[in-house]
Structure formats: structure tokens, C-alpha cells
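Numbering-wise (this note's numbering), the sequence shown opens with residue 4 and increments by one.
In this text, a Cβ means the ideal position worked out from N, Cα and C, and glycines have one as well.
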Amino acid sequence: MKLNHTQETREAQVRLLYEQLPYALLATILNALILTAVLWRQVSGSLLVGWLLAILLVTGSRYASGRAYLRTPSANAESRRWGRHYLYGVASNGVLWGFGGFFFFTANSYVHQVFLAYVLMGMVSGAISTLAPVRGAYLVFLIPALFPYAARLLSAGSEVHLAMASMLFIYVTMMGMISHRLHTTVAESLRLRFDNLDLLHDLTKAKDRVERANEELAAQVAEKHSAQDALQKAYEELERRVKERTAELAKSEEALRIADRRKDEFLAMLSHELRNPLAPIRNALQLMHRPNVPDSLVKRSREIIDRQFDRLTRLVDDLLDVSRIVHGKISLQETVFEIATVVNQAVEGSSPFIEARHQELCVHVPEEPVWVKGDIVRLDQVISNLLNNAAKYSDTGRRIGLDVDASDQWITIRVQDSGVGIPKDALPYVFDLFAQADHSLGRTHGGLGIGLTLVKRLVEMHGGRAEAHSEGPGHGSEFLVHLPRQKAPVTERYVSPGGAAVVSEEVLRVLVVDDNHDAVETLALLMRLEGHNVAVAFDGVNALAEAAKFQPQVVLLDIGMPGMDGYQVAHELRAQEPKRSMVILALTGYGQPEDRARAEAAGFTGHLTKPVPPELLFAALRAHSAER
Numbered sequence: 004m005k006l007n008h009t010q011e012t013r014e015a016q017v018r019l020l021y022e023q024l025p026y027a028l029l030a031t032i033l034n035a036l037i038l039t040a041v042l043w044r045q046v047s048g049s050l051l052v053g054w055l056l057a058i059l060l061v062t063g064s065r066y067a068s069g070r071a072y073l074r075t076p077s078a079n080a081e082s083r084r085w086g087r088h089y090l091y092g093v094a095s096n097g098v099l100w101g102f103g104g105f106f107f108f109t110a111n112s113y114v115h116q117v118f119l120a121y122v123l124m125g126m127v128s129g130a131i132s133t134l135a136p137v138r139g140a141y142l143v144f145l146i147p148a149l150f151p152y153a154a155r156l157l158s159a160g161s162e163v164h165l166a167m168a169s170m171l172f173i174y175v176t177m178m179g180m181i182s183h184r185l186h187t188t189v190a191e192s193l194r195l196r197f198d199n200l201d202l203l204h205d206l207t208k209a210k211d212r213v214e215r216a217n218e219e220l221a222a223q224v225a226e227k228h229s230a231q232d233a234l235q236k237a238y239e240e241l242e243r244r245v246k247e248r249t250a251e252l253a254k255s256e257e258a259l260r261i262a263d264r265r266k267d268e269f270l271a272m273l274s275h276e277l278r279n280p281l282a283p284i285r286n287a288l289q290l291m292h293r294p295n296v297p298d299s300l301v302k303r304s305r306e307i308i309d310r311q312f313d314r315l316t317r318l319v320d321d322l323l324d325v326s327r328i329v330h331g332k333i334s335l336q337e338t339v340f341e342i343a344t345v346v347n348q349a350v351e352g353s354s355p356f357i358e359a360r361h362q363e364l365c366v367h368v369p370e371e372p373v374w375v376k377g378d379i380v381r382l383d384q385v386i387s388n389l390l391n392n393a394a395k396y397s398d399t400g401r402r403i404g405l406d407v408d409a410s411d412q413w414i415t416i417r418v419q420d421s422g423v424g425i426p427k428d429a430l431p432y433v434f435d436l437f438a439q440a441d442h443s444l445g446r447t448h449g450g451l452g453i454g455l456t457l458v459k460r461l462v463e464m465h466g467g468r469a470e471a472h473s474e475g476p477g478h479g480s481e482f483l484v485h486l487p488r489q490k491a492p493v494t495e496r497y498v499s500p501g502g503a504a505v506v507s508e509e510v511l512r513v514l515v516v517d518d519n520h521d522a523v524e525t526l527a528l529l530m531r532l533e534g535h536n537v538a539v540a541f542d543g544v545n546a547l548a549e550a551a552k553f554q555p556q557v558v559l560l561d562i563g564m565p566g567m568d569g570y571q572v573a574h575e576l577r578a579q580e581p582k583r584s585m586v587i588l589a590l591t592g593y594g595q596p597e598d599r600a601r602a603e604a605a606g607f608t609g610h611l612t613k614p615v616p617p618e619l620l621f622a623a624l625r626a627h628s629a630e631r
């Protein structure tokens with residue numbers, strides 16, 4: 004937002020007047036002494052002495068006023084009053100010089116007339132630089148200083164005197180124009196200075212480097228206020244900085260335009276990627292609704308729905324993950340484990356996709372144990388993203404390499420493919436959010452352009468870094484992940500996340516609670532197909548009433564419900580059942596760490612984020628039931 008700096012500009016203009024005042028006063032005294040000496044034999048001595056004393060008195064008064072201004076801490080706040088004091092001194096000085104021009108005019112000596120004109124115009128010319136900062140200050144001196152002399156020229160009446168008067172009026176006009184131009188330049192420079200300070204202040208929020216530049220500029224500008232030469236250097240420095248800031252602002256605007264374009268491309272891509280799975284799902288459902296459809300086609304339709312649903316789930320999960328990371332709302336569950344563990348886990352998860360494309364995956368890990376500290380789930384996500392990316396952008400039958408190397412300090416995971424490659428101009432932005440090299444309608448690989456962003460952010464959260472290399476289109480790609488190596492733990496103890504206790508199957512009383520009737524109906528059907536006894540409720544009040552009658556062993560409870568939410572229901576259920584033998588699982592769309600913590604505090608046994616794969620739900624039921 005552009006601010007109005009009228010007050011600050013006025014304060015700076017007045018300060019310029021007072022800072023240059025000593026030079027103007029020194030010139031006044033010297034010129035007055037010289038003029039007195041030259042005219043001593045031509046003009047009455049008492050008149051000259053009286054005039055000189057008046058000059059010295061006014062000069063001394065102005066000097067004292069200038070010293071008082073510079074010593075007064077609140078002078079800037081009272082710039083109007085100090086400006087008027089300065090103009091009074093300028094006007095007094097101009098009147099005294101005009102007095103000299105009128106009464107020291109020697110009618111019989113052209114030489115002394117010319118010398119007097121020379122001194123007066125010299126004073127006027129010299130004053131232009133010291134009085135230009137404030138509009139009108141120069142005219143306050145020029146008019147009373149020269150017009151009395153011009154009147155004497157006109158009263159002389161000769162051709163030479165009239166010519167000199169004409170030239171004097173031309174000179175006055177030119178000096179007035181130059182003064183106006185110089186004042187405009189000074190005022191514009193001050194305005195640009197304050198505007199630039201605003202610009203610098205805004206840019207500090209975007210880049211630390213700009214903040215340091217602003218501080219240097221402010222310091223440089225402050226240091227240039229003590230003298231005219233230093234002030235000139237400050238103006239030059241300010242101009243240079245303005246050009247730099249303008250160039251940087253242009254770059255920032257270009258970056259914003261690029262980001263805005265990428266956002267639009269991403270939204271179009273998101274619409275495309277979300278609609279693509281919905282089309283086969285709708286077609287498969289239409290097919291299943293038709294009468295006399297062969298079982299083979301029904302089975303095929305279910306497979307299509309499962310596959311496209313998994314694709315939609317991955318898209319939503321990626322969007323949620325990148326949003327959490329960008330806003331700093333994701334935390335790592337760090338343990339120390341062998342790098343081979345997470346590599347094997349990622350390979351196992353990505354192998355079906357790679358094998359479906361008939362591609363060859365070559366994996367090499369060090370034979371000796373190599374340890375890393377991190378979140379095994381997130382590092383699995385990093386490696387899986389790189390493997391899936393390599394498979395997606397490589398043709399059928401191509402080779403994909405996964406190599407792990409270790410030095411004393413670092414572990415390097417290298418994923419190589421011989422696929423489409425990356426253009427040189429796209430490499431610097433390959434890890435940027437929403438960045439994709441191909442945005443054409445004919446692109447064949449799909450995706451939202453956030454997978455590599457997740458890779459980079461997750462690796463950096465582990466204290467590492469990610470790199471991308473490619474020789475260009477058609478030459479494949481290489482991605483490297485560098486992670487800090489960890490010393491081997493004293494005792495090795497790791498339980499695979501996939502490992503689950505073997506428990507006996509049993510028929511459970513399950514209460515399903517959700518305000519979404521379709522969600523309740525489908526989940527209840529799944530539970531009944533598993534052989535469990537099921538009761539349902541569609542709000543918190545009915546859930547408590549149903550629980551009192553049904554006495555469930557397991558409650559599958561939604562969080563966001565009208566009236567009584569899931570947290571309140573869980574709290575009431577726990578209050579009625581102090582032994583905590585009931586398993587209460589949260590099935591909700593709220594999946595942030597703070598949501599899990601709040602669920603635990605409310606009495607939930609576990610927290611599952613929608614959509615929950617049935618096999619994961621059944622496994623959770625078995626595991627929690629075994630602990631009862």
C-alpha cells in the first residue's frame with residue numbers, strides 16, 4: 004500500500020535547509036566583507052558599517068537558530084515552526100542585500116555598479132542550492148535581494164542601464180525556473196526515498212537478503228545527512244538501490260505470475276485427475292445396475308472401482324500431505340532403523356505397479372547394516388514416490404535402478420530410469436509445488452505435480468537434501484536423496500509396522516455411528532458380512548441410547564456430527580463404562596496430529612482417517628479386541 008509521506012518530506016526538506024545553513028552564512032559574511040571593502044571609498048562609511056553590522060547580526064541570529072534546531076530532539080515534529088523561522092531569516096537577509104543594492108548603487112561609477120550586480124547575482128546563484136529544498140524559500144530571498152537594484156537600473160534610464168535591467172529580469176526568471184526545477188528534483192528524490200523505504204519494508208517479508216539490503220540502505224541514507232557532499236552520495240546510492248529494488252520487484256512479479264499460472268494449471272490438472280477415475284467408476288456402477296450382467300463383468304467392474312478408488316485416495320492423501328508439510332502441521336515419528344528395512348518396504352509396495360508395466364527393477368543396498376534416524380512411514384513414502392515416478396515416466400520393459408551408498412556421514416539413495424527425461428529449463432523447478440514439465444492436453448502420465456515436492460520437503464525434515472539430474476528429454480532421469488547416517492544403536496529392537504499380533508476371530512457387538520446414512524449403511528453391511536452383530540445410530544444422542552440397550556463391544560464413531568459431536572459421545576461412553584473395556588474407534592475425515600491427540604484425550608481407543616480400507620479396519624478391530 005502506497006503511503007502519504009507529506010509530513011516526512013516536509014521534515015526532511017526543513018532539515019536540509021538547516022544542515023546547509025552554515026555554508027550559506029559563511030558565504031554571506033565573506034561577500035559582505037568584500038563588498039564593504041570595495042565600496043568603502045564610493046559609499047558613505049557609516050552606511051556601509053551599519054549595513055555590515057546588520058548583516059552580521061542577522062547572520063548570527065540565523066546561526067543560533069540553526070544550532071538550536073539541530074540540538075532539539077523534537078525539531079522534526081515542529082517542522083512547520085522551524086521552517087517559518089528559517090524563512091524569516093532568509094527574508095531578512097534578502098532585504099539587507101536589497102538595501103545594499105539600492106543604496107550602494109554608485110551613479111558615477113559603472114565599474115562599481117557592475118561589481119555590485121556581480122555580488123548580488125552571485126549571492127542569488129549560490130542560494131539556489133541551499134534554498135531549493137523548500138518551495139518558495141528561494142523567491143523569499145531572490146525578490147527582495149534583486150528588485151531594489153533593478154529599480155535603480157530602471158531609474159537610471161540610460162540604454163545600458165535598461166539593458167542591464169532587462170538582463171537582470173531574464174536572470175531572475177531563469178533563476179526562478181531553475182529553482183523550481185531543483186526543488187522538484189529534491190522533493191521527488193525525497194518522495195522516492197520514502198517510497199523506496201516502504202518498498203524495502205514490504206520486500207523484507209519475502210526475502211532475508213532484501214531485509215539486510217534495507218538496513219544497509221537506511222544506514223547509508225542516515226550517514227549521508229551531515230554534509231552536502233555526503234547527501235549527494237546518498238541520492239546517488241538511493242537511485243542505484245531503487246533500480247535494484249525495481250529489478251528485484253520485476254523478478255518477484257514474474258515469480259508471482261509463474262506461481263499464479265502454475266496454480267491455474269494445477270487446478271485444471273486436479274479437475275482432470277479427479278474426473279478421470281470418476282468416469283470409469285460411474286460406468287462400472289451403471290454396468291452393475293443392469294439386469295442379467297454376467298458375474299465375470301460384475302467382478303471386472305468391482306476391480307475397476309477398487310483400482311480407481313485407490314487412485315482417488317492416493318490423490319487426496321498427496322494433497323493433504325503436501326498441505327500439512329507446507330503449513331508445518333506434520334510431525335515425524337522418528338526411530339533408528341536400517342535403511343534396508345525402508346528400502347525393502349518401498350520396493351514391496353511399488354513392485355505391483357512396476358511389474359504391471361513389465362519393467363525391471365534392480366536394487367542394490369550395502370551388505371553391512373547402515374542405520375538412519377527418521378520416520379519409517381515418511382521415508383517409505385519418499386522412496387515409493389521416486390520409484391512410482393520412475394515407472395510412470397518410463398516406457399514398458401525399461402530398467403529402473405535403486406542404489407543405496409553410504410559414506411561416513413551420509414546415506415545416498417539413487418533412483419535412475421531411462422524414461423522421458425527432464426528438459427534443462429525445467430530442472431531448477433522440478434521440486435516446486437505444482438511444477439510439471441508437460442501441461443499439454445496430450446500428456447500421458449497424469450499426476451498433480453506434488454509428489455516430488457513431498458519428497459523434497461520430507462527429506463529436508465529429516466536433515467537431508469534431494470537432487471534431480473537429467474541430460475534432457477529422452478535421456479532418462481536420476482534422483483538422489485541424501486540422509487544423515489546414524490550410528491548403530493546399542494540394542495537393536497524394531498518391530499515392522501506391518502506386523503500384527505495373531506488373534507482369534509470372534510463375533511463382536513459393533514455399534515456404527517455417523518450422520519451420513521450411506522456411510523452407516525455400507526459400513527454396517529461390511530461388519531455383518533464379517534459375522535458381527537451390528538447396531539446403528541445417526542447422531543450422538545441416539546448413539547448413547549443405543550449403546551445403553553445394545554451394550555456394544557466396539558463403537559465405530561464419526562467425529563463431525565450435528566448437535567453432539569464424536570468427542571462428547573466418546574466422553575459419555577467412557578463415563579458410563581469406567582473399566583474401558585469397550586473399543587471406541589474414530590472413523591473421521593479429521594486426520595491432523597492435534598485431532599488424534601484430542602481423540603485420545605476424549606477416550607477413543609484408536610483413530611482412523613476416512614476413507615479407511617476395509618482390511619485396515621478389520622485388522623484394527625482384531626488388534627484392539629485382543630487387547631480388551
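In its chain, beyond the 5 residues on either side, 97, 98, 101 have a beta carbon closer than 6 Å to the beta carbon of residue 147. In this structure, residue 577 lies near residue 606, with their beta-carbon atoms less than 8 Å apart.
Beta-bridge partners assigned by DSSP to residue 469: 484.
As the crow flies, the alpha-carbon of residue 511 is around 20 Å from that of residue 545. By the criterion of a C-beta distance shorter than 6 Å, residue 19 is surrounded in its chain by 136, once the five residues flanking it on both sides are discounted. Scanning 109, 126, 574 for the CA closest to the CA of residue 34 turns up 126.
For residue 364, there is no enclosing alpha helix (DSSP H); the enclosing beta strand (DSSP E) has its first and last residue at 363-367. Taking one beta carbon from each stretch, the region 407-424 and the region 388-397 have 3 or more pairs nearer than 8 Å; the two touch. Rounded to the nearest angstrom, the Cβ distance from residue 138 to residue 88 is 17 Å, too far for a contact under 8 Å.
In the structure shown, residue 414 adopts extended strand secondary structure according to DSSP, grouped into three states.
For residue 58, the enclosing alpha helix (DSSP H) begins and ends at 48-74.
Taking 8 Å as the cut-off, the beta carbon of residue 557 is found no closer than this to the beta carbon of residue 516. Taking the CA atoms as reference points, residue 346 sits about 7 Å from residue 386.
In the structure shown, residue 489 adopts extended strand secondary structure according to DSSP, grouped into three states. Residue 143 is positioned such that its CB atom lies closer than 8 Å to that of residue 93. Following the DSSP letters along the chain, one finds residue 230 in no beta strand (DSSP E), marked with neither H nor E. In the DSSP assignment, residue 587 falls within the beta strand (DSSP E) that extends over 586-591.
For residue 419, the three-state secondary structure derived from DSSP is strand.
Here residue 555 is buried, its C-beta having at least 16 other C-beta atoms within 10 Å. Between the region 586-596 and the region 605-624 there are three or more C-beta pairs closer than 8 Å, enough to call the two in contact. Annotated as distal: residue 384 and residue 487, with beta-carbon spacing of 8 Å or more. Around the C-beta of residue 130, 16 or more other C-beta atoms lie within 10 Å, and the residue is accordingly described as buried. Around the beta carbon of residue 357, 16 or more other beta carbons lie within 10 angstroms, which makes this residue buried. For residue 610, the enclosing beta strand (DSSP E) begins and ends at 609-612. Annotation: the continuous alpha helix (DSSP H) that includes residue 553 extends over 543-553. With respect to the 8 Å criterion, residue 403 and residue 373 are not classified as neighbours on the basis of their beta carbons. Taking C-alpha positions only, residue 118 is separated from residue 83 by approximately 37 Å. When beta bridges are read from the DSSP output, residue 117 appears opposite no residue. For residue 374, DSSP records a beta bridge to 341, 489.
Pairwise C-beta distances place the region 52-59 out of contact with the region 68-80, as fewer than three of them are shorter than 8 Å. In this structure, residue 85 places its C-beta atom within 8 Å of the C-beta atom of residue 17. Spatial neighbours of residue 122 in its own chain (CB-CB distance under 6 Å, excluding positions within 5 residues in sequence) are listed in chain order as 34, 38.
One alpha carbon belongs to residue 536, the other to residue 312, and they sit about 28 Å apart. Under DSSP, residue 359 forms no beta bridge with any residue. Within the model, the alpha-carbon separation for residue 32 versus residue 221 is close to 36 Å. Taking C-beta atoms as the reference points, residue 203 and residue 248 count as a pair closer than 8 Å.
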